[in-house]
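Numbering (my numbering), first residue to last: 99 to 384. Using N, Cα and C, we set each Cβ at its ideal position, and we do this for glycine too. Treat the numbers as computed from the prediction; the structure is a model and nothing was measured. Step one of this worksheet: look at the structure below.
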């Protein structure tokens, strides 16, 4: 008969006491309260962090924490979307308890549905994927695979693939998902502090590639790089669309060369621009 969660916790607590440290679930919860992110918790006290993970109470005691920027963003975005679809169910992120020792990126407990995000970096071994598919099938778990189609902004593709699998995601706003994920990963103050370490945009991009890719997805965070030397301007689609809707003529658009060039590089926005008159109709007829 497999040991219960309580029995496993008691056994682990006895082992820790023998080593001179009490890492019971109660003490782990107190230790966890000292940290604001899992990233810092893991780096500062890996013993407590790993013990909590083995006891399967990590999510519970880290509920108040930010996830940190080391978390896999596409996987987390997939988790956020699936959580919104199964709000009445228990949805687990990076679950290692169902098909141990293998991991399921996102697992819906009662529905017995799993989701894997097949990124190009970690899914180059097809044999391992086939093995996981077979194990899930034998365990009665329906596993859906989401392929990496856009490395820079994976969220729209994730939503589209879920829709192709028959899930009702048509009303989900990709930008809201992106913003929600980043907010749960790190605070605005954290991003400000990281950016403030650099003088030039090029150096920031080189030294902080993970942070760079994250803030590039969020227009508000991207504006934090404006103070850097040679900052590269990037305008969100929503900002460009609002600018287009406010314009009455093509000439209005052309008064902002940076926005004008960005619009021309976007196929859909370019079509909207083409429909604008060249000059104000009232002035032309006067």
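Sorted by chain position, which residues of the same chain lie with C-beta nearer than 8 angstroms to residue i's C-beta, five sequence neighbours on each side aside?
| i | result |
| --- | --- |
| residue 270 | 179, 182 and 257 |
| residue 362 | 368 and 371 |
| residue 338 | 357, 360, 361, 364 and 367 |
| residue 347 | 374, 375, 376, 377 and 378 |
Alpha carbon to alpha carbon, how far is residue j from residue i? Give it in angstroms, no decimals.
| i | j | result |
| --- | --- | --- |
| residue 174 | residue 191 | 7 angstroms |
| residue 126 | residue 334 | 42 angstroms |
| residue 194 | residue 177 | 15 angstroms |
| residue 249 | residue 119 | 43 angstroms |
| residue 350 | residue 313 | 29 angstroms |
| residue 147 | residue 164 | 14 angstroms |
| residue 170 | residue 352 | 40 angstroms |
| residue 215 | residue 377 | 49 angstroms |
| residue 262 | residue 365 | 24 angstroms |
| residue 321 | residue 130 | 33 angstroms |
| residue 217 | residue 253 | 13 angstroms |
| residue 373 | residue 243 | 40 angstroms |
| residue 310 | residue 135 | 19 angstroms |
| residue 275 | residue 247 | 17 angstroms |
| residue 112 | residue 294 | 46 angstroms |
| residue 159 | residue 273 | 29 angstroms |
| residue 58 | residue 198 | The structure shown does not extend to residue 58, since the chain spans only 99 to 384, so no value can be given for it. |
| residue 161 | residue 213 | 22 angstroms |
| residue 251 | residue 128 | 37 angstroms |
| residue 291 | residue 299 | 14 angstroms |
By the three-class DSSP mapping on this structure, what secondary structure does residue i have?
| i | result |
| --- | --- |
| residue 271 | coil |
| residue 336 | helix |
| residue 153 | coil |
| residue 327 | strand |
| residue 287 | helix |
| residue 185 | coil |
| residue 143 | coil |
| residue 190 | strand |
| residue 348 | helix |
Should residue i go down as buried or exposed, given a rule of 16 or more other Cβ atoms within 10 Å for buried?
| i | result |
| --- | --- |
| residue 316 | buried |
| residue 472 | Residue coverage of the chain in this structure runs from 99 to 384, which leaves residue 472 outside it and unanswerable. |
| residue 384 | Reliability fails at residue 384, whose pLDDT of 42 lies under 50, so the model's placement of it is uncertain and no value is given. |
| residue 297 | exposed |
| residue 109 | exposed |
| residue 149 | buried |
| residue 188 | exposed |
| residue 58 | There is simply no residue 58 to check, as the chain begins at 99 and stops at 384 in what is shown. |
| residue 355 | exposed |
| residue 200 | exposed |
| residue 172 | buried |
| residue 224 | exposed |
Who are the Cβ neighbours of residue i in its own chain at under 6 angstroms, not counting the five residues just before and after it?
| i | result |
| --- | --- |
| residue 341 | 357 |
| residue 260 | 267 |
| residue 319 | 289 and 313 |
| residue 240 | 211 |
Going by beta carbon distance, what residues of the same chain come within less than 7 angstroms of residue i, once the five residues before and after it are set aside?
| i | result |
| --- | --- |
| residue 265 | 183 |
Answer with yes or no whether the minimum CB distance from residue i to chain D is below 8 angstroms.
| i | result |
| --- | --- |
| residue 328 | Among the protein chains of the structure shown there is no chain D, as only one such chain exists. |
With three or more beta-carbon pairs closer than 8 angstroms as the criterion, would you say the stretch 153–161 touches the stretch 224–238? no
Touching or not, the stretch 209–220 and the stretch 300–309, by the rule of three or more beta carbon pairs under 8 angstroms? no
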